[in-house]
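Read through the structure below, which is laid out as structure tokens, and then see the notes.
Chains as they are written, first to last, in the working numbering: chain S, 31 to 167; chain E, 117 to 644.
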């Protein structure tokens with residue numbers, strides 16, 4: 031059986047954070063295709079237009095312009111085609127309200143963006159192990 | 117003119133029947149109290165007047181009875197006088213002794229007196245007066261046509277046989293046929309009639325008196341009962357209305373004390389209590405206003421905290437990452453560059469710590485934490501465990517520490533900051549930290565004594581300020597927020613904190629914690 035490669039959609043507005051993820055992928059030698067959307071609206075459009083092979087895994091920031099992460103999640107869970115997608119929230123927000131809202135919308139994980147890059151690499155390594163499991167037939 | 121229009125408008129609003137009721141409702145409270153007391157006093161006046169009137173009636177009845185007795189007594193006296201006259205006349209006629217005539221004459225005088233009295237007594241009763249007059253006439257007839265001629269003739273009888281014969285014939289013509297006796301009997305009959313009439317009226321009057329005495333009792337008891345009942349009803353009505361309104365006001369004050377500021381009272385009356393009610397309502401609405409404002413400000417502060425935690429930290433993290441990547445990509449061994457990048461990252465870390473410090477400080481007291489009873493000893497041991505100080509630092513926690521009701525988390529925060537400070541700022545690698553507790557009247561006083569470097573007196577207040585550190589941050593990495601948070605927590609709970617320390621002798625942090633938590637503190641909604 032052919033090994034299925036999981037596509038990853040990063041929904042993030044901060045350029046440095048995007049670079050951060052890309053660099054962390056490189057360091058962990060993760061070669062999954064990485065798609066980037068700058069806000070929730072863009073991400074929904076990409077998912078609905080079918081430009082990303084289904085089902086992808088979404089890494090989602092919360093504070094974003096136009097449509098923030100929580101609003102994006104609400105839309106996603108309402109859409110019958112997309113509501114089964116795994117979502118990891120990755121944010122600086124340590125507010126309890128954000129965590130509760132996110133888990134109420136059925137997220138697979140909540141990653142607090144650490145200040146240092148090394149710690150972030152560790153977090154991404156954990157993610158990698160998770161989607162390796164998803165790729166298994 | 118405006119006054120007139122005002123009156124008209126009242127008539128327009130209220131049906132005429134309601135106006136009296138409305139007037140009572142709009143009366144001042146003191147007027148109502150005066151009216152109620154006035155009404156009770158008025159009832160008592162009515163009682164007194166009724167009693168006096170009834171007493172007068174009884175008095176009249178008594179006088180009537182006494183009058184009747186007088187008439188009877190006097191008529192008996194008059195009869196006795198007539199008897200005296202008869203007896204005196206009889207004795208004289210038999211013996212001729214003039215001594216017997218003195219009762220006869222005295223009787224005449226006495227009868228005249230009695231008649232006068234009877235005449236005046238019966239003047240108001242024509243029937244009796246007529247009888248009395250007839251008796252008098254009878255006695256006159258007896259005296260003039262029978263007694264006096266006999267006496268005159270008897271007194272002259274011894275003088276000559278002619279005189280004696282005249283007496284004998286007169287005696288035979290009058291006394292012997294009983295003409296005098298007839299007249300006297302007639303008068304006796306009349307007296308009996310008088311007495312009978314009077315006796316009957318006396319009985320009637322006695323009965324009247326008794327009944328009016330009974331009436332007096334009934335009326336007095338009735339009126340007193342009426343006065344008492346109206347008094348009780350009036351007092352109750354007044355008291356109840358006042359009490360009900362005070363209970364309502366009390367409920368309002370209680371609900372305000374319990375943090376419900378939306379309560380208000382409706383009072384359509386216009387008296388002194390209404391003024392108080394209105395003031396209470398105004399107070400409640402003012403409180404509500406300020407609390408809405410406070411809630412809004414609090415929400416803004418939360419928003420601010422959120423912005424600070426996310427938006428200020430994001431560029432910091434970017435700087436940190438970029439610095440790291442530059443260092444990686446440079447692949448340089450230049451110690452200057454490596455050192456500078458290390459300092460740069462250290463400063464970024466410090467900035468993050470300071471931001472976290474501000475957040476922590478602003479969060480103190482803004483969240484409602486559960487009030488639970490907790491053992492101080494347990495909290496302190498938990499603090500030390502979580503702190504995990506080097507083994508060379510010894511904490512002595514006494515056995516007999518109290519159990520306090522309050523926010524456990526806040527107490528933990530206080531202990532945690534104080535304990536970690538005593539280890540962190542110790543000048544030696546080993547130390548001994550002594551904890552003590554004394555019970556005061558309203559507070560527990562805790563002391564945390566270390567054998568560290570001590571704090572000079574001039575800094576005793578300064579160290580509690582936010583971002584105040586004893587040493588440059590480069591020497592000892594610290595934000596200077598810990599003690600500020602401790603002070604804020606303790607003061608918000610109603611306690612106080614101070615330092616007892618001299619340079620080189622270690623320092624003692626003393627703080628008090630109230631035994632009873634301060635209730636009715638600001639009840640703020642959570643905005644999570």
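Don't be surprised by glycine CBs; every beta carbon is placed ideally from N, CA and C.
Would you kindly work out how many angstroms separate the C-alpha atoms of residue 121 of chain S and residue 601 of chain E, rounded to a whole number? On the first chain, residue 121 of chain S is found 91 positions in, with the first residue counted as 1. On the second chain, residue 601 of chain E is found 485 positions in, with the first residue counted as 1. Straight-line Cα distance between these residues: approximately 27 Å.
Using 8 Å as the threshold, is the C-beta distance between residue 629 of chain E and residue 560 of chain E below it? Within the second chain, numbered from 1, the residue matching residue 629 of chain E stands at position 513. Within the second chain, numbered from 1, the residue matching residue 560 of chain E stands at position 444. Going by C-beta atoms, residue 629 of chain E is nearer than 8 Å to residue 560 of chain E.
Can you tell me whether residue 308 of chain E is helix, strand or coil according to DSSP? Position 192 of the second chain, counted from the first residue, corresponds to residue 308 of chain E. If DSSP states are grouped into helix, strand and coil, residue 308 of chain E belongs with the helices.
Output needed for residue 157 of chain S: all residues of its chain with C-beta closer than 6 Å, excluding positions within five of it in sequence on either side, in chain order. Translated into positions along the first chain, residue 157 of chain S becomes position 127. Here the set comprises nothing.
Output, in chain order, the set of chain S residues within a Cβ distance shorter than 7 Å of residue 430 of chain E. Here the question's residue 430 of chain E lines up with position 314 in the second chain. The answer, in chain order, is 44 and 122.
Tell me which residue opens and which closes the alpha helix (DSSP H) that residue 150 of chain E is part of. By one-based count along the second chain, residue 150 of chain E stands at place 34. Residues 145-211.
Using beta carbons (cut-off 8 Å, strictly below), is residue 113 of chain S in contact with chain E? Your numbering for residue 113 of chain S matches position 83 in the first chain. No - not a single Cβ of chain E is within 8 Å of the one on residue 113 of chain S.
In chain order, each alpha helix (DSSP H) run of at least 4 residues that lies wholly inside the region 379-430 of chain E: 388-423
Let's see if you can read the secondary structure: which residues bound the beta strand (DSSP E) around residue 555 of chain E? If you number the second chain from 1, residue 555 of chain E lands on position 439. It spans 547-555 - the beta strand (DSSP E) in which residue 555 of chain E sits, taken as one unbroken run.
Using the beta-carbon count (16 or more within 10 Å), is residue 106 of chain S buried or exposed? Locating residue 106 of chain S in the first chain gives position 76, counting from the first residue. With 16 or more Cβ atoms within 10 Å of its Cβ, residue 106 of chain S is classed as buried.
DSSP state of residue 160 of chain S mapped onto helix, strand, coil: Position 130 of the first chain, counted from the first residue, corresponds to residue 160 of chain S. In the structure shown, residue 160 of chain S sits in a helix (DSSP, three-state: H, G or I).
Is it buried or exposed for residue 177 of chain E, if we count other Cβ within 10 angstroms and need 16 for buried? In the second chain, residue 177 of chain E corresponds to position 61, counting from 1. Counting the other CB atoms within 10 Å of its CB gives residue 177 of chain E a total of 16 or more, which places it among the buried residues.
Excluding the five sequence neighbours on either side, which residues of its own chain have a C-beta within less than 8 Å of the C-beta of residue 32 of chain S, listed in chain order? Along the first chain, read from residue 1 onward, the residue named residue 32 of chain S stands at position 2. Summary for residue 32 of chain S: the model assigns pLDDT 43, below 50, so the residue's position carries little reliability; its value from the coordinates is reported in the next sentence. Here the set comprises nothing.
Output, in sequence order along the chain, the residues in the region 43-65 of chain S whose CB is closer than 9 Å to any CB in chain C. The chain inventory of the structure shown lacks chain C, comprising the protein chains S and E.
From the DSSP output, in three-state form, read off residue 48 of chain S for me. On the first chain, position 18 is the one that residue 48 of chain S refers to. Three-state result, residue 48 of chain S: helix.
Looking at residue 109 of chain S and residue 41 of chain S, is the spacing between their C-beta atoms short of 8 Å? Position 11 of the first chain holds residue 41 of chain S. Position 79 of the first chain holds residue 109 of chain S. It is not a contact, given that the beta carbons lie outside the stated cut-off.
Separation of residue 470 of chain E from residue 57 of chain S, as counted between CA atoms: The sequence position of residue 57 of chain S within the first chain is 27, counting from 1. The sequence position of residue 470 of chain E within the second chain is 354, counting from 1. Here the alpha carbon of residue 57 of chain S sits roughly 31 Å from the alpha carbon of residue 470 of chain E.
Would you check if the region 516-526 of chain E and the region 483-502 of chain E touch, i.e. whether three or more CB-CB distances between them fall below 8 Å? yes
For the candidate residues S:71, S:86, S:152 and S:62, whose alpha-carbon lies nearest to that of residue 117 of chain S? The residue labelled residue 117 of chain S in the question sits at position 87 within the first chain. Looking at the Cα atoms, S:86 is the closest of the given residues.
What residues of chain S sit near residue 425 of chain E, judged by a beta carbon separation below 9 Å? The residue labelled residue 425 of chain E in the question sits at position 309 within the second chain. Going along chain S in sequence order, the residues near residue 425 of chain E (Cβ under 9 Å) are 122, 123, 124 and 125.
Verify the CB distance criterion: does residue 130 of chain E have a CB-CB separation below 8 Å to chain S? As a first step, residue 130 of chain E is located in the second chain; it is residue number 14 there, counting from the start. Because residue 130 of chain E sits at a pLDDT of 43, beneath the cut-off of 50, its placement in the model cannot be relied upon, and the following sentence gives the value as read from the coordinates. Not closer than 8 Å to any Cβ of chain S, the Cβ of residue 130 of chain E fails to qualify, so no.
Are the C-beta of residue 469 of chain E and some C-beta of chain S separated by less than 8 Å? As a first step, residue 469 of chain E must be located in the second chain, where it is residue number 353. Cβ-Cβ to chain S under 8 Å: no for residue 469 of chain E.
Does DSSP put residue 565 of chain E in a helix, in a strand, or in coil? Translated into the one-based positions of the second chain, residue 565 of chain E becomes position 449. In the structure shown, residue 565 of chain E sits in a strand (DSSP, three-state: E or B).
List the residues of chain S that residue 438 of chain E touches, going by C-beta distances under 7 Å, in chain order. Residue mapping note: residue 438 of chain E aligns to position 322 of the second chain, counting from 1. Near residue 438 of chain E (Cβ distances below 7 Å), the residues of chain S are 46.
Is it right to say residue 597 of chain E is buried, meaning 16 or more other beta carbons lie within 10 angstroms of its own, or is it exposed? The residue you call residue 597 of chain E lines up with position 481 of the second chain. Buried: at least 16 other Cβ atoms inside 10 Å.
Locate the alpha helix (DSSP H) running through residue 535 of chain E, then write down its first and last residues. Translated into the one-based positions of the second chain, residue 535 of chain E becomes position 419. Here the alpha helix (DSSP H) through residue 535 of chain E covers 524-540.
What does DSSP give as the partner residue(s) for residue 139 of chain S in the beta ladder? Taking the first residue of the first chain as 1, we reach residue 139 of chain S at position 109. In the DSSP output, where bridge partners are listed per residue, residue 139 of chain S has S:118.
Whose C-beta lies closer than 6 Å to the C-beta of residue 328 of chain E among residues of the same chain, with five residues either side of it excluded? As a working note, residue 328 of chain E is residue 212 in the second chain. The answer, listed in chain order, is 173, 174 and 177.
According to the Cβ coordinates, are residue 103 of chain S and residue 132 of chain S closer than 8 Å? The sequence position of residue 103 of chain S within the first chain is 73, counting from 1. The sequence position of residue 132 of chain S within the first chain is 102, counting from 1. It is a contact, given that the beta carbons lie within the stated cut-off.
Keeping to the same chain, check which residues put their C-beta closer than 7 Å to that of residue 500 of chain E; ignore five residues upstream and five downstream. Position 384 of the second chain holds residue 500 of chain E. Closer than 7 Å at the Cβ level, and outside the excluded window around residue 500 of chain E, lie 511 and 535.
On the CB-based measure, 16 or more other CB atoms within 10 Å of its CB, does residue 238 of chain E come out buried or exposed? By one-based count along the second chain, residue 238 of chain E stands at place 122. Buried, because 16 or more other Cβ atoms sit within 10 Å of the Cβ of residue 238 of chain E.
Report the three-state DSSP secondary structure of residue 65 of chain S (helix, strand or coil). Taking the first chain and counting its residues from 1, the one referred to as residue 65 of chain S is at position 35. Here residue 65 of chain S sits in strand by DSSP.
For chain S, is any of its Cβ atoms less than 8 Å away from the one on residue 443 of chain E? Stepping through the second chain from its first residue, residue 443 of chain E is reached at position 327. By this cut-off, residue 443 of chain E is not an interface position.
Might you give, ordered along the chain, the residues of its own chain that have their beta carbon closer than 7 Å to the beta carbon of residue 633 of chain E, omitting 5 neighbours on each side? Position 517 of the second chain, counted from the start, is the residue given in the question as residue 633 of chain E. Closer than 7 Å at Cβ, skipping near neighbours: 487, 521 and 522.
Taking Cβ-Cβ distances below 7 Å as the criterion, which residues of the region 379-412 of chain E are in contact with chain S? none
Proximity test, Cβ basis, 8 Å: residue 433 of chain E and chain S: Here the question's residue 433 of chain E lines up with position 317 in the second chain. So, interface residue.
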